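Just below is one structure, and these are the notes that go with it.
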Ligand SMILES: [Zn+2]
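In my numbering, the protein residues as written are 185 to 484.
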């Protein structure tokens, strides 16, 4: 899920204390240049390195109750158990390989994934306070800053379990957010939510994990729908994107996604027609005609 942006104060050791949520006062970003202004929703470009450095030596280091794990492609920081952190990194690194191969987008920097143990910590490390949100991607506001993923480890997933108890669900949420991180470093180009969330859900195979008991109608959800009926909207967007992939092929679907999220790529409907050679309205109609059968196959 994409969340709202807000300031998170960061720099050197201060960054670590900010991440632990133990700063008593508000958030102030202090850059290496000594600038104390607080750009919104950002991590300073070198913060990821500073975090990693502050935990050296070794791939796993502990500071107070905060652990950090680094790999070739990711830095995971959290106060969950070390074994849980290692499991999350395995999911993250596998997802990064899969996603980068799929999109052809290779980020220079390591992906930063925050794993707070409690929901209160999630709220302080993320932008999205929606009660039922399971993760968030906090995008940078400009190219000199670093975005990060934060996972709501304590999110309830049913049967008295949290996200950490359900490995498939956890993997799906990590992959969903990392897809955002991979593709939205430079912004979302004003793309509608059905594009942003539908593709992230499809990449994460989220429908295999959670789908409304009563399938929602075959409607491409609007951004307003996502705000008012998130559960059904995510499911609808997933099923529509899965249809696009099935009908037009993965390569074309990703080409459309990249064009739709490119600020210079024109309107979504223009990008849709340019890539698929058909209008969004006509394809939506075709999709609706086979929706019931498609849903039955997907959730079976
Ligand atoms: Zn999302």
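C-beta atoms are modelled at their ideal positions from N, C-alpha and C, and glycine is treated no differently.
Note that this is a predicted model, so its numbers are computed, not measured.
Which of the three DSSP states, helix, strand or coil, is assigned to residue i?
i	result
residue 289	coil
residue 423	helix
residue 415	helix
residue 317	coil
residue 280	helix
residue 383	helix
residue 251	strand
residue 453	helix
residue 347	helix
residue 308	helix
residue 298	strand
residue 322	strand
residue 403	coil
residue 356	helix
residue 375	coil
residue 390	helix
residue 338	coil
residue 368	coil
Starting from the C-beta of residue i, find all residues in its chain whose C-beta is less than 7 Å away, skip the five residues before and the five after it, and write them out in chain order.
i	result
residue 273	253, 255, 258, 260
residue 270	253
residue 376	407, 452
residue 279	358, 359, 362
residue 459	436, 439, 440, 443
Using only the heavy atoms of ligand 1, determine whether one of them is closer than 7 Å to the beta carbon of residue i.
i	result
residue 384	yes
residue 360	yes
residue 364	yes
residue 305	no
residue 381	yes
Please report the distance separating the alpha-carbon of residue i from that of residue j.
i	j	result
residue 298	residue 308	11 Å
residue 402	residue 416	10 Å
residue 324	residue 282	23 Å
residue 370	residue 408	24 Å
residue 384	residue 422	8 Å
residue 419	residue 389	11 Å
residue 336	residue 295	17 Å
residue 475	residue 399	10 Å
residue 287	residue 438	7 Å
residue 396	residue 413	11 Å
residue 379	residue 434	14 Å
residue 466	residue 268	46 Å
residue 484	residue 334	31 Å
residue 473	residue 479	12 Å
residue 461	residue 432	10 Å
residue 349	residue 454	43 Å
Pick out whichever of the options has its Cα sitting closest to the Cα of residue i.
i	options	result
residue 305	285, 410, 339	339
residue 250	379, 300, 290	300
residue 429	370, 396, 382, 453	382
residue 356	404, 276, 311	276
residue 285	380, 354, 318, 366	366
residue 319	291, 358, 293, 351	358
residue 332	351, 445, 291	291
residue 293	264, 330, 449, 480	330
residue 314	411, 441, 454	411
residue 362	321, 378, 349	321
residue 405	263, 334, 468	468
residue 303	268, 279, 263	263
Which residues in the same chain have their Cβ closer than 6 Å to the Cβ of residue i, if we skip the five residues on either side of it in sequence?
i	result
residue 456	464
residue 447	373
Spatial neighbours of residue i within its chain, please: CB distance less than 8 Å, with the 5 preceding and 5 following residues excluded, ordered by chain position.
i	result
residue 386	422, 425, 426, 429
residue 217	At residue 217, the pLDDT of 29 sits below 50, so the modelled position is not reliable and the matter cannot be decided from this model.
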